[in-house]
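In terms of my numbering, the sequence shown is residues 23 to 346. Ideal placement from N, C-alpha and C gives every residue a C-beta, glycine not left out. These numbers come from a predicted model, not from an experiment. Inspection log for the structure reproduced underneath, given as structure tokens.
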Amino acid sequence: MSRATNRDELLDAALAYAEAGWPVFPLRPGTKRPAAPNHTAQTCDGSDHRCHDGHTGWEPRATLDPDRITRAWQHRPYGIGIACGPARLLVVDLDTAKGDQPSGADTLADLEHQAEEALPATWTVGTPSGGRHLYYRQPDGSLLGNTAGRLGPGLDTRGTGGFVVAPPTRLRAGEYWLVDDHPPAPLPDWFRQLLTSPTRPTSEVEPPAATTDRTVPPPLRCERVRRYVAQAIAGEQLRITTAPEGRRNHTLFCASVALGQLVGARVLDEDLAEQRLLSAAQTHVAVGAYSHTQARQTIASGLRTGTGEPRLLPSHLITTGAHA
Ligand SMILES: [Zn+2]
Numbered sequence: 023m024s025r026a027t028n029r030d031e032l033l034d035a036a037l038a039y040a041e042a043g044w045p046v047f048p049l050r051p052g053t054k055r056p057a058a059p060n061h062t063a064q065t066c067d068g069s070d071h072r073c074h075d076g077h078t079g080w081e082p083r084a085t086l087d088p089d090r091i092t093r094a095w096q097h098r099p100y101g102i103g104i105a106c107g108p109a110r111l112l113v114v115d116l117d118t119a120k121g122d123q124p125s126g127a128d129t130l131a132d133l134e135h136q137a138e139e140a141l142p143a144t145w146t147v148g149t150p151s152g153g154r155h156l157y158y159r160q161p162d163g164s165l166l167g168n169t170a171g172r173l174g175p176g177l178d179t180r181g182t183g184g185f186v187v188a189p190p191t192r193l194r195a196g197e198y199w200l201v202d203d204h205p206p207a208p209l210p211d212w213f214r215q216l217l218t219s220p221t222r223p224t225s226e227v228e229p230p231a232a233t234t235d236r237t238v239p240p241p242l243r244c245e246r247v248r249r250y251v252a253q254a255i256a257g258e259q260l261r262i263t264t265a266p267e268g269r270r271n272h273t274l275f276c277a278s279v280a281l282g283q284l285v286g287a288r289v290l291d292e293d294l295a296e297q298r299l300l301s302a303a304q305t306h307v308a309v310g311a312y313s314h315t316q317a318r319q320t321i322a323s324g325l326r327t328g329t330g331e332p333r334l335l336p337s338h339l340i341t342t343g344a345h346a
């Protein structure tokens, strides 16, 4: 295939995705890395014109604008990234079996067996490594984020803060290709619940800790994010301490969900969130509104709920570095 042909195919595909409502952004040719920005939030010095008012990562740069897409892809045969969150997609990423670990497809089959319901046929992409990406539409109002191994070995999901590499992007190992052109189906509720439930489904095989998103330390180094999180904590603490009688436990729960969403977005450490919530709740424990144990339980439950629905940070705070 000639370079020009591949470039035209990529441009046509990028325009088609955008027309379907899926914001796209260019990937460096032959790689899964965003072409822009060429720096991370931590190393942003504001010299990139799109970062003048704060760092702008690949997600807010993703576009539906055919003119911008045409200009970019006429310039170079960029690969295509689809920003899952703005596209309102939740993509189930099934990896091939590695060593003793079952494949993502086997893990999914187990989950479907337990749920007694299969995922519906949907838009499906084959990856160069033999994996599959199943594209589902996110339920209205939900902000499902990325997971890695949370539901079992070889099964990741990409949502808010994540992207997928789309056909006909070509890597050295091969090309992404369309396996099934069913229009993306709505994500079934049973699967959404697995992603947002506080406990993982029982699984005989524990996924290795290294592939779990939760073990990655939150990127707290960026000052803007730190300030944003500090304000959020202060706001929720105030809400807890000023909650009227009769609404105190409910307010504590809601505040815990709110901070849990920041834990889910990986900008706040879970232990720190718990500690701040507990310290605010002490005022009510002291007057006997609820016990210390009750407060801990309410906080734990709220944090779990919130973590499963990560908050979409304002675009100027969004950091780069999610993988595809
Ligand atoms: Zn920047």
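For residue i, verify whether its CB is less than 6 Å away from any heavy atom of ligand 1.
i, result
"H77", "yes"
"P208", "no"
"D293", "no"
"C276", "no"
"D8", "Past the boundaries of the shown model lies residue 8; the chain is included only from 23 to 346, so the question cannot be answered."
"P59", "yes"
"D70", "yes"
"C106", "no"
Quick test of your reading: residue i and residue j, contact by CB under 8 Å. State the CB separation rounded to the nearest angstrom.
i, j, result
"Y198", "T149", "6 Å"
"E258", "A280", "5 Å"
"F47", "C106", "About 12 Å; that fails the 8 Å criterion."
"W290", "L284", "Note on identity: in this sequence residue 290 is Leu, with Trp being the wrong assignment. About 4 Å; that satisfies the 8 Å criterion."
"A188", "V147", "7 Å"
"L217", "L166", "6 Å"
"L274", "T329", "Between T329 and L274 the Cβ distance is about 16 Å, and since that is not below 8 Å, they are no contact."
"L179", "V113", "This sequence places Thr at residue 179; Leu is not what is there. T179 to V113, Cβ: 7 Å. Contact."
"V201", "R154", "7 Å"
"R29", "W95", "7 Å"
"A302", "I262", "4 Å"
"T327", "G268", "Not quite, the Cβ-Cβ distance comes to about 21 Å (not below 8 Å), so this is no contact."
"S151", "A195", "6 Å"
"P190", "E41", "With a Cβ gap of about 16 Å, P190 and E41 do not count as contacting."
"P51", "P99", "5 Å"
"D75", "W145", "So it is not a contact: roughly 35 Å between Cβ atoms."
In the DSSP output, which residue or residues are listed as bridge partners for residue i?
i, result
"L156", "V114, T146"
"W199", "G148"
"G52", "L193"
"D178", "D115, A170"
"P45", "Paired residue(s): none; P45 is not in a bridge."
"P208", "R159"
"V187", "G103"
Would you say the beta carbon of residue i comes nearer than 6 Å to a heavy atom of ligand 2?
i, result
"A303", "This structure simply doesn't include ligand 2; it includes ligand 1 instead."
4 or more residues per run - each alpha helix (DSSP H) lying fully within the segment 310 to 340: 314 to 329
Beta strand (DSSP E) runs wholly inside the segment 72 to 133, at least 3 long, in chain order: 101 to 105, 111 to 116
Using 8 Å as the cut-off, can you tell me whether the segment 76 to 92 makes contact with the segment 54 to 68, which would need three or more C-beta pairs spanning the two stretches below that distance? yes
Is the segment 90 to 107 close to the segment 67 to 75, with three or more CB pairs under 8 Å? no
Quick test of the definition: if touching needs 3 or more C-beta pairs under 8 Å, does the segment 154 to 163 touch the segment 208 to 221? yes
Would you call the segment 129 to 147 and the segment 173 to 181 in contact, with 3 or more CB pairs under 8 Å? yes
In chain order, what are the residue ranges of uninterrupted alpha helix (DSSP H) at least 4 long that sit wholly in the segment 239 to 301? 245 to 263, 270 to 286
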